[in-house]
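Number of protein chains: 2
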Amino acid sequence: MRPMARRARAQLRADALDVAAELFVGGRFGMPELAARLGVSRQTLYSEFGDRQGVASALVLRATERFLDGIEAALARERDLHAAWVAAVAAALRRAADDSLLKALLTGDQAVFGSGAEEIVVAARDRAAGYLRRQWPELDAESVGLAAETAARLTVSHIVLPLAPPERIAEQVATAVVRIARGPGL
Amino acid sequence: MRPMARRARAQLRADALDVAAELFVGGRFGMPELAARLGVSRQTLYSEFGDRQGVASALVLRATERFLDGIEAALARERDLHAAWVAAVAAALRRAADDSLLKALLTGDQAVFGSGAEEIVVAARDRAAGYLRRQWPELDAESVGLAAETAARLTVSHIVLPLAPPERIAEQVATAVVRIARGPGL
DNA sequence: GGTAGACAGATCTGCGAGAAGTGTCCAGAG
DNA sequence: CTCTGGACACTTCTCGCAGATCTGTCTACC
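These protein sequences, in sequence, are chains A and B. The numbering of the first sequence is this note's numbering, which starts it at 1224 and goes up by one. The numbering of the second sequence is this note's numbering, which starts it at 1224 and goes up by one.
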């Protein structure tokens, strides 16, 4: 509860997840090696994360949140709805391209812990909906929900199965999302 | 070249793929067992399909075409654009639900031969675009392309990761596709 | 708090023998 | 002319088994 202890704990968690991510992409992710690399005893890890799955879950959670934070930042950086989505999708594609853990979670190829794809899609959809409601309150509520889910699913789809250059994908997804968000039309 | 020979060959291919699909979902797909179940020699199989991969490719190809034929039939059965897509997506979800081979191809979980997902998405997109161009020629060409790709990707996404009952998914995808197909709007 | 060590039990690894499958050949039957 | 059955070399599963490693927990210690 003391500042030092809390800081040390948070730092340990952060370091542990950094190393765990490294080990994971390397294919070997075990508690003994994780502890050794951190210069800490196995027990400390078990105390902090409960068990191996706890480390894995925390790792997935952090990767997801960082991913979505980056996307939301890109969204917020633009004022035009279409431009915002172009930037967001482009950011998502970029991150997915050079984050092995994220790519593994989304494509599900490596033996990842809890698939992860579902959590990411759900979280992305909810964040996108929140952003739209907040930034464009005049949009129809149902359309916002549909646009958010479509944005999340289309982006993941293009990460898993890219058929066009990133810029083109971003443009296409953005156009689709904007047209859906615009509502029934008449 | 004689009718009898051609018919026998076609029948053999069809039977072979039926049995191959059975063996595949059962997890054991080998040339000796396939030949035995067909009451034919292995050599005949190799003559007809070239090699094991040839059987696999033919199997995937047929599954894909049947899948898309079913969807296109559902599309053609409705006159309203929205209703047509509701029916098509519902048909796709239904088929994917009770066709193990198809589901394996799309989700990529079982060790399928050539992933298959890419071929399916591409073929679905192209067929959807063809249908839209043919049936709704007044639609903007670029919008049709975008709507077709979105329809294909969203449907696959909802098959791989279903988060809502099929009827709701069909309704959502149809709404999204129609709004995209409608064009820039103004 | 944290460490080091020990512990039973599960899980992974390497390995070799044996079985099975792959792809190709050919002689022979219908 | 097509299909069969058998043989062939080669590669790829499979299975058992021993040894190593990992997991999760406990205890003594600092």
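Using N, Cα and C, we set each Cβ at its ideal position, and we do this for glycine too. None of these values were measured; they are calculated from a predicted model.
query: Residue-chain proximity (isoleucine 1403/A, chain B), Cβ-Cβ < 8 Å; result: yes
query: Close beta carbons around alanine 1319/B, own chain, < 6 Å, minus the five adjacent residues each side; result: Leu1325, Lys1326 and Ile1382
query: Cβ shell of isoleucine 1392/B (< 6 Å), same chain only, five flanking positions each side left out; result: His1381
query: Beta-carbon neighbours of arginine 1350/A, restricted to chain B and to distances below 8 Å; result: In chain order: nothing, as chain B lies at least about 15 Å away.
query: Distance between alanine 1370/A and arginine 1402/A (C-alpha atoms, nearest Å); result: 8 Å
query: Proximity to alanine 1397/A [Cα-Cα], best of Val1345/A, Asp1363/A, Ala1310/A and Glu1372/A; result: Ala1310/A
query: Residue closest to arginine 1302/B, alpha-carbon to alpha-carbon, out of Asp1238/B, Arg1260/B and Arg1357/B; result: Arg1357/B
query: Residue-chain proximity (glutamate 1361/A, chain B), Cβ-Cβ < 8 Å; result: no
query: Which of helix, strand or coil DSSP assigns to aspartate 1292/A; result: helix
query: Own chain, CB closer than 7 Å to valine 1367/B, minus 5 neighbours either side, in chain order; result: Ala1352, Leu1355, Arg1356 and Ala1404
query: Distance between threonine 1330/A and valine 1400/A (C-alpha atoms, nearest Å); result: 22 Å
query: Between the CA atoms of glycine 1249/A and aspartate 1332/A - distance to the nearest angstrom; result: 14 Å
query: Helix, strand or coil at glutamate 1301/B according to DSSP, with G and I counted as helix; result: coil
query: Terminal residues of the alpha helix (DSSP H) in which phenylalanine 1252/A lies; result: Segment: none, phenylalanine 1252/A is in no alpha helix (DSSP H) and carries neither H nor E.
query: Helix, strand or coil at alanine 1387/A [DSSP, three-state]; result: coil
query: Short CB-CB distance (under 8 Å) between valine 1344/B and chain A; result: yes
query: Whole-number beta carbon distance between leucine 1291/B and alanine 1346/B, since they are thought to touch under 8 Å; result: 6 Å
query: Chain B contact for glycine 1277/A (CB, 8 Å cutoff); result: no
query: CB contact flag (leucine 1261/A, valine 1283/A, <8 Å); result: no
query: Valine 1248/B, DSSP secondary structure in three states; result: helix
query: Close beta carbons around valine 1263/B, own chain, < 6 Å, minus the five adjacent residues each side; result: none
query: Contact list for glutamate 1341/B against chain A, beta-carbon separation under 8 Å; result: Leu1384 and Leu1386
query: Listed by chain order, chain B residues near leucine 1377/A by CB distance under 8 Å; result: Thr1373, Arg1376, Leu1377 and Ser1380
query: Those runs of the beta strand (DSSP E) which lie wholly inside the region 1305-1344 of chain A and span at least 3 residues; result: none
query: Status (buried if at least 16 other CB within 10 Å, exposed otherwise) for alanine 1259/A; result: exposed
query: Where the alpha helix (DSSP H) containing leucine 1268/A begins and where it ends; result: 1265-1272
query: Aspartate 1363/B - DSSP class collapsed to helix/strand/coil; result: coil
query: C-alpha gap between glutamate 1390/A and arginine 1285/A, whole angstroms; result: 27 Å
query: 7 Å CB neighbourhood of threonine 1378/B in its chain, flanking five on each side removed; result: Val1312, Ala1315 and Val1396
query: Coarse secondary structure for valine 1348/B, derived from DSSP in three states; result: One detail in the question is off: residue 1348/B reads as arginine in this sequence, not valine. Three-state DSSP puts arginine 1348/B in a helix.
query: Of the residues His1305/B, Leu1240/B, Arg1350/B and Glu1342/B, the one placed nearest glycine 1277/B, counting alpha carbons only; result: Leu1240/B
query: DSSP-derived helix/strand/coil call for arginine 1405/B; result: coil
query: Minimum C-alpha distance to glutamine 1234/A - residue among Leu1268/A, Glu1295/A, Glu1288/A and Leu1298/A; result: Leu1268/A
query: Within-8 Å CB hit, valine 1399/A to chain B; result: In the sequence under discussion, the amino acid at residue 1399/A is alanine, which differs from the valine named in the question. True, the Cβ-Cβ gap to chain B drops below 8 Å.
query: Any chain B beta carbon closer than 8 Å to glycine 1408/A; result: yes
query: Of the residues Leu1257/A, Arg1230/A, Glu1288/A and Glu1245/A, the one placed nearest arginine 1348/A, counting alpha carbons only; result: Glu1288/A
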